[in-house]
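Working notes for the structure below.
And the structure:
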């Protein structure tokens with residue numbers, strides 16, 4: 004009995020010192036509670052709507068408040084309506100000038116679409132409903148593009164951070180610091196294999212998703228690859244950053260998990276962003292996965308052109324630059340603590356010491 | 058070519074790791090640094106490697122291409138084989154093809170590692186792993202070789218091997234700076250440096266250090282002054298820094314050994330301990 | 042108190058096809074310091090683990106304090122492993138408190154050298170202090186037998202001397218101590234030595250018993266680099282010592298011939314061999330190291 008009490012006391016003491024685990028024990032449940040309380044909501048309360056065609060304004064006024072009309076184009080055609088939907092500007096587009104009125108629903112926003120279809124069914128024979136991009140409103144069609152992003156995030160943060168922390172744990176980081184290899188080369192050299200593996204994984208999952216679930220790929224593969232590459236840089240940069248703040252692989256995994264969990268719950272993958280309380284929704288807009296999901300869903304389901312996806316592309320590019328630069332600077336501090344940041348292209352030795360023959 | 062740190066001072070926050078330290082490492086010789094925890098050995102080595110910035114003083118060190126470094130940790134990548142480890146490091150220094158193959162074979166043979174070439178580094182014994190680390194540090198024929206406690210925790214036979222490798226490197230013209238806790242290794246070096254809490258207690262060749270040592274060391278079953286004595290084998294040694302008539306002496310703080318006390322010829326271990334105690338007990342020396 | 046504290050009788054341990062320990066018999070008496078020497082891979086750690094009851098023997102018998110090494114008997118044992126066995130993320134006080142309570146002993150008082158470190162995390166201590174704490178933890182329950190695996194590795198001369206003071210003090214109180222070490226000077230501090238090589242106990246007794254019939258020749262020359270290279274190339278078991286080169290188990294005439302052929306002027310002198318030279322000869326005899 005004596006030994007067990009001593010064991011309990013010791014474990015508690017070690018636990019209290021372990022900030023990261025404590026964080027997980029205390030912060031995580033609170034976070035989950037808040038998220039599930041405020042974010043978990045499958046019901047979308049209002050839909051962005053367009054009304055296109057003759058007497059659009061009058062028709063707009065006649066719609067129930069559930070449809071939040073943001074675009075009215077009296078001179079627009081059905082093609083215009085479809086473009087609006089493809090560019091994800093609205094969730095529903097009414098095309099007037101015909102009986103019954105045509106309601107086009109954006110099937111790539113699953114919950115919005117489901118809410119729309121439910122509301123439109125009440126209108127009966129007055130409205131003909133057509134769901135674009137995901138006619139059967141299949142969950143898998145919306146999930147697969149998001150899961151591609153999740154896999155990239157997983158490999159980018161957790162696996163990369165472990166790979167980089169290994170050097171620190173083994174004590175070989177010091178040796179690399181003394182060798183004539185520049186810190187940026189070390190990082191790129193270490194990341195390259197993960198970049199390749201992640202890209203391969205992504206291709207496999209995309210192909211499998213298409214084969215198993217018949218998920219369409221309506222857009223440009225080039226645009227998709229570009230978006231994926233930029234996103235990879237963001238998550239790989241996160242992985243490097245996590246490795247610079249972790250001493251062991253265990254810590255790296257814990258920290259990576261902190262970054263991963265919010266992205267699963269708040270990127271719009273499971274709970275729609277529009278349905279979240281504003282107090283929590285802004286977090287979603289800070290997460291890289293949110294923007295990649297916009298790109299993957301847009302391209303695969305709606306065949307959206309890059310131009311309409313300019314926002315997520317730009318945001319991801321900015322994130323990539325910021326995260327990667329920050330991570331590299333931190334890593335360089337670990338690798339070359341003594342040497343000042345050398346001007347591009349010159350050997351660090353020249354700045355501070357007398358070079359010998 | 059002589060590499061050096063001159064009047065080097067290094068601070069980590071408020072702690073002074075090195076205090077006005079000057080050490081020269083000429084080509085073709087082995088300089089050994091000894092000292093206890095916190096003496097500053099690793100800091101000195103890393104300063105010469107250019108890894109730690111100086112708060113004062115200068116460093117003369119070759120560019121990274123001509124520097125070889127063996128850190129106090131393992132020095133090799135556990136998941137790679139012996140051959141793969143050497144290839145990786147050689148690749149960074151620009152060795153390839155036939156030149157690499159020949160150099161690798163030569164080094165493996167000299168380190169008696171040829172039979173283990175295909176083994177994972179993690180499966181090597183401590184001594185073999187250290188020898189591998191050494192091979193990796195000299196694969197590119199560096200002008201300056203820095204070794205941080207290369208023989209700590211290694212069995213005596215591997216230690217002999219490592220010392221032979223170090224001697225060969227120096228004989229081929231490299232300047233070698235190594236830290237060690239083994240005083241018999243320090244004795245074999247051309248020049249030894251004794252560090253204590255960031256300062257140099259004494260440096261020179263073994264003969265110079267012995268000649269310059271002031272005071273007397275006696276041996277007895279029981280010490281007269283506990284804070285000036287230490288255990289050597291079955292007996293206790295004691296240090297008397299005075300032994301010179303101009304040094305004041307009193308019954309409570311005698312500076313000369315009592316008549317009839319057995320004096321011993323101090324070896325390096327005695328000298329190092331004696332000087333550390335002198336500094337600790339704050340005798341101006 | 043039982044007469045023999047630790048005993049191995051014809052102990053063998055195999056791991057598959059590999060024999061780690063081969064028919065070893067030894068014992069440790071109260072009040073003596075026994076030094077266990079050997080190259081890495083000689084079987085020292087495996088033997089110790091069998092003596093402590095951490096792994097089973099393949100054949101033979103092990104006695105700890107007069108019986109099989111079970112948990113009750115281990116209560117009267119103090120053990121400091123190579124890795125110290127301390128918790129890096131706990132303070133000195135907390136570590137000592139834990140191990141004292143685990144053994145049902147009172148928490149030991151800190152010696153003057155360590156009082157300043159009481160609230161410091163062990164992983165932040167210098168190595169010498171860490172080893173002292175590990176010692177304290179092992180001695181808190183006044184064990185009758187102490188097993189120390191490389192207790193002074195990496196520690197400077199002054200701190201090493203202090204640790205050996207503690208070991209001696211324990212032996213004088215009647216504790217039996219089994220120590221492994223790579224420092225040959227420390228071998229001289231032991232009452233008795235045991236030399237293992239390739240799993241076997243090849244020598245036991247005093248330093249002279251360990252050195253056995255190994256001989257050595259000292260080569261004094263101004264041109265040590267040349268002499269070293271020549272003798273090394275000839276395959277002689279050569280090592281450096283101070284200003285001189287030493288060659289183990291060599292025929293002075295043969296050496297003279299090699300040196301003459303290399304054009305090196307040197308004087309040769311037979312000298313007493315050291316333990317390291319015995320170990321060197323054993324290693325060369327067994328081939329792979």
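Protein chains in written order, with this note's numbering: chain A, 4 to 360; chain B, 58 to 342; chain C, 42 to 330.
Cβ atoms here follow ideal geometry from the backbone N, Cα and C, with glycine treated the same way.
Closer than 8 Å by beta-carbon distance: list the chain A residues that pair up with residue 331/C, in chain order.
No answer is possible for residue 331/C: it lies beyond the span of chain C, which begins at 42 and ends at 330.
Could you give the residue range of the beta strand (DSSP E) that holds residue 232/C?
Looking at the DSSP string, residue 232/C is not in any beta strand (DSSP E), and its letter there is neither H nor E.
Are the C-beta atoms of residue 209/B and some chain C residue less than 9 Å apart?
yes
In this structure, does DSSP put residue 68/C in helix, strand or coil?
strand
How would you call residue 329/C, buried or exposed, if buried means at least 16 neighbouring beta carbons within 10 angstroms?
Residue confidence for residue 329/C is low, a pLDDT of 40 falling below 50, so the modelled location carries little weight; the figure read from the coordinates is stated next. So residue 329/C ends up on the exposed side.
According to DSSP, which residues form a beta bridge with residue 298/A?
In DSSP, residue 298/A forms no bridge with anything.
I'd like to check one pair, residue 129/A with residue 103/A: are the Cβ atoms closer than 9 Å?
yes
Counting only Cβ-Cβ distances shorter than 8 Å, please list the residues of the segment 170 to 187 of chain A near chain B, keeping chain order.
173, 174, 175, 177, 178, 180, 181, 182, 183 and 184
Just curious, the beta strand (DSSP E) that residue 296/B is in, first and last residue?
For residue 296/B, the enclosing beta strand (DSSP E) begins and ends at 292 to 297.
Helix or strand or just coil, what does DSSP make of residue 92/A?
coil
In chain A, which residues lie less than 9 Å from residue 128/C when you measure between Cβ atoms?
13, 16 and 17
Could you tell me which chain A residues have their CB closer than 7 Å to the CB of residue 220/B, listed as they occur along the chain?
Chain A residues near residue 220/B: none, gap ~22 Å exceeds 7 Å.
Please find out if some non-hydrogen atom of the ligand NAP comes closer than 8 Å to the beta-carbon of residue 163/B.
Annotation note on the ligand NAP: not contained in the displayed structure, which lists no ligands.
CB-CB under 6 Å to residue 333/B, same chain, minus the five flanking residues each way: which ones, in chain order?
253, listed in sequence order.
Please report the distance separating the alpha-carbon of residue 278/B from that of residue 292/B.
6 Å
Please name the residue, chosen from 280/C, 292/C, 286/C and 308/C, that lies closest to residue 320/C on a Cα-to-Cα basis.
280/C
Between residue 248/A and residue 255/A, what straight-line distance do the alpha-carbon atoms span, to the nearest angstrom?
8 Å
On the CB-based measure, 16 or more other CB atoms within 10 Å of its CB, does residue 102/C come out buried or exposed?
Label assigned to residue 102/C: exposed.
Helix, strand or coil for residue 56/C per DSSP?
When secondary structure is reduced to three states using DSSP, residue 56/C falls in the strand class.
Considering only residues of the segment 180 to 250 of chain C, which uninterrupted alpha helix (DSSP H) runs meet the minimum length of 4 residues and lie entirely inside it, listed in chain order?
Within the segment 180 to 250 of chain C, the alpha helix (DSSP H) runs of at least 4 residues that lie entirely inside it are, in chain order, 198 to 213 and 225 to 228.
Does residue 316/C get closer than 9 Å to chain B when you measure Cβ to Cβ?
yes
Which runs of the alpha helix (DSSP H) fall wholly inside the segment 96 to 156 of chain A and span at least 4 residues, in chain order?
113 to 125
Please check the pair residue 141/C and residue 179/C, which I expect to be a contact at CB under 8 Å, by giving their CB distance rounded to whole angstroms.
Between residue 179/C and residue 141/C the Cβ distance is about 11 Å, and since that is not below 8 Å, they are no contact.
Using a beta-carbon distance below 9 Å, is residue 310/C in contact with chain B?
no
What residues from chain C crowd round residue 110/A, counting only those whose CB sits closer than 8 Å?
Per Cβ cutoff of 8 Å: no residues; residue 110/A is ~53 Å from chain C at best.
Is the shortest distance between the beta-carbon of residue 280/C and the beta-carbons of chain B less than 9 Å?
yes
So, for residue 83/B: in the same chain, excluding its five sequence neighbours on each side, which residues have a beta-carbon less than 7 Å away from its beta-carbon?
59 and 232
Would you mind working out which of 135/B, 87/B, 297/B and 150/B sits nearest residue 229/B, comparing C-alpha positions?
Ranking 135/B, 87/B, 297/B and 150/B by Cα distance to residue 229/B puts 87/B first.
To the nearest angstrom, report how far apart residue 62/C and residue 56/C are at their CA atoms.
10 Å
Can you look up residue 301/B in the DSSP assignment and give me helix, strand or coil?
Unreliable positioning characterises residue 301/B in this predicted model, as indicated by a pLDDT of 46, which lies under 50. The coordinate reading is nonetheless provided below. Looking at residue 301/B - three-state DSSP - the assignment turns out to be coil, as it is neither helix nor strand.
What residues match up with residue 248/B in a beta bridge as DSSP calls it?
88/B
Below 7 Å on C-beta distance, what does residue 6/A contact in chain C?
143
Helix, strand or coil for residue 83/B per DSSP?
strand
What does the alpha-carbon distance come out to for the pair residue 194/B and residue 286/C?
25 Å
If I measure Cβ to Cβ from residue 322/C and keep anything under 8 Å in the same chain, skipping five residues before and after, which residues do I get?
255, 278, 289 and 290
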